[in-house]
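Asker: Residue numbers (our numbering): 22 to 310. Every residue gets a Cβ at the ideal spot worked out from N, C-alpha and C, and that includes glycine. Take a look at the following structure, please.
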Amino acid sequence: MMQDPVCGMKLDKKEKIKHVYNKKTYYFCSKDCKDEFKKNPKKFLKETPVIELRDIYKDYHLGETRLRVLKDLSMNIWEGDFVVLIGVSGSGKSTVMNLIGCLDTPTKGKVYIDGKEVSKMSEDRLANIRNEKIGFVFQQFNLLGALNCRENVSLPLFFKKGSKAFKPDGKVKKYLKSVGLLERAEHKPLEMSGGEQQRAAIARALVDEPEVILADEPTGNLDSKTGKMIMRILEDLNEKGKTIIVVTHDPSISKAATRIMNLKDGRLIGNHKNIIKIIWSNKNNNSKK
Ligand SMILES: Nc1ncnc2c1ncn2[C@@H]1O[C@H](COP(=O)(O)OP(=O)(O)OP(=O)(O)O)[C@@H](O)[C@H]1O
Ligand SMILES: [Mg+2]
22 MMQDPVCGMK
32 LDKKEKIKHV
42 YNKKTYYFCS
52 KDCKDEFKKN
62 PKKFLKETPV
72 IELRDIYKDY
82 HLGETRLRVL
92 KDLSMNIWEG
102 DFVVLIGVSG
112 SGKSTVMNLI
122 GCLDTPTKGK
132 VYIDGKEVSK
142 MSEDRLANIR
152 NEKIGFVFQQ
162 FNLLGALNCR
172 ENVSLPLFFK
182 KGSKAFKPDG
192 KVKKYLKSVG
202 LLERAEHKPL
212 EMSGGEQQRA
222 AIARALVDEP
232 EVILADEPTG
242 NLDSKTGKMI
252 MRILEDLNEK
262 GKTIIVVTHD
272 PSISKAATRI
282 MNLKDGRLIG
292 NHKNIIKIIW
302 SNKNNNSKK
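What follows is the structure, encoded as structure tokens:
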């Protein structure tokens, strides 16, 4: 089976988007991927993706029944990418994010981080990757209720440095400020609005300055102004070279995205930069009917 060298998607023989480079024919899921390849073929042929999902199956078992959520899914994420993952509710977006973040393991298939297979890594190495390489903004904010905002944001440092991390450290202050929460630093989650909690969750994901930031519907329950603020933070980080993978239905994100991947029936069905706009306009048209 052929594979798109850019997004890593598996392609069947019907694919017509090709490009010949050095006398070899490469196939692509979309014009976007082909254009990206043409800009820098060496990158996609010689370098290693930061994250690679290969031939992934993920099943959940509920009693006797098997629910197959991901079917033969493959995907590449390159350093500096801003990947947007979309798909209807239940299509497996959070499942994919958990696999990328090494929080869960596939039923079948392989996950590689910097070219190294995750299932072959020691527990210590994996813990390091989770702590240092990847920052996770969950669909639920997952702040600890007993800790205040500053302490919640300090947590990743705490795992590394122990209670020293709870001192008003430079990094914690910097990231509280970047999400506009300096004034709320001493508040507990229950005393904060949903938007503030989500911003705290983002500051927590950033505080250890991970190379890869995963955000699962970070603006899902927020008003559009706070949502835009959070998107701006992610865009800024991407401009500074961080790799971002975000699940969102927010059409305003499509401008910043280098790649938009659509998850359907357990598989990725393509990279189309304007897909969010198309879905969005369909939604609006339907609701007007
Ligand atoms: N731990 C679990 N046990 C059993 N089934 C699960 C589990 N986690 C998820 N599922 C099921 O797997 C499917 C995919 O779930 P997932 O959370 O990845 O979807 P999603 O695309 O993130 O949806 P949403 O947009 O609603 O967040 C769903 O049908 C869900 O019910
Ligand atoms: Mg989800």
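Using C-beta distances below 8 Å, list every residue in its chain close to Asn119, excluding the 5 sequence neighbours before and after it, in chain order.
Answerer: Counting only Cβ-Cβ distances below 8 Å, and skipping sequence neighbours, we find Asp125.
Asker: Is Gln161 near ligand 2, in the sense that its beta carbon is under 7 Å from a heavy atom of that ligand?
Answerer: Flag unset: Cβ of Gln161 not near ligand 2.
Asker: Taking the straight line between their C-alpha atoms, what separation do you get for Glu57 and Lys64?
Answerer: Spanning the two alpha carbons is a distance of roughly 10 Å.
Asker: Rounded to whole angstroms, what's the CA-CA distance from Pro127 to Asp257? Just pull it up for me.
Answerer: So the alpha carbons of these two residues sit roughly 32 Å apart.
Asker: Can you tell me the Cβ-Cβ gap for Cys50 and Leu32, rounded? I've got them flagged as a contact below 8 Å.
Answerer: The Cβ separation is near 6 Å, so the contact holds.
Asker: Taking only the alpha-carbon atoms, compute the straight-line gap between Glu90 and Leu176 and give it to the nearest angstrom.
Answerer: Going by the sequence as given, residue 90 is Val instead of Glu. Computed Cα separation, rounded: 32 Å.
Asker: Against chain C, with Cβ distances strictly below 8 Å, would Arg171 count as a contact?
Answerer: Of the chains in the structure shown, none is chain C; there is only one protein chain.
Asker: Using a 10 Å radius around the Cβ and a threshold of 16 neighbouring Cβ atoms, would you call Gln219 buried or exposed?
Answerer: Answer is buried; the Cβ neighbour count reaches 16.
Asker: For the alpha helix (DSSP H) containing Lys195, list its first residue and its last residue.
Answerer: From DSSP, the alpha helix (DSSP H) with Lys195 extends over 191-199.
Asker: Are Met30 and Leu284 closer than 8 Å when you measure CB to CB?
Answerer: Contact flag unset, no.
Asker: By DSSP, does Gln24 sit in helix, in strand, or in coil?
Answerer: Reduced to three states, the DSSP call for Gln24 is strand.
Asker: Consult DSSP for Phe159 and reduce its assignment to one of helix, strand or coil.
Answerer: Phe159 falls in the coil class under three-state DSSP.
Asker: For Phe49, which residues does DSSP report across the bridge?
Answerer: DSSP lists Ile38 as partners of Phe49.
Asker: For ligand 1, enumerate in chain order all residues having a CB closer than 5 Å to any of its heavy atoms.
Answerer: With the cut-off at 5 Å, the residues found are Tyr81, Val90, Ser110, Gly111, Ser112, Gly113, Lys114, Ser115, Thr116.
Asker: Quick check on this structure: which residue in Lys276, Gly216, Gln160, Pro26 has the alpha carbon closest to the alpha carbon of Val200?
Answerer: Selected option, being the one with the closest Cα: Gly216.
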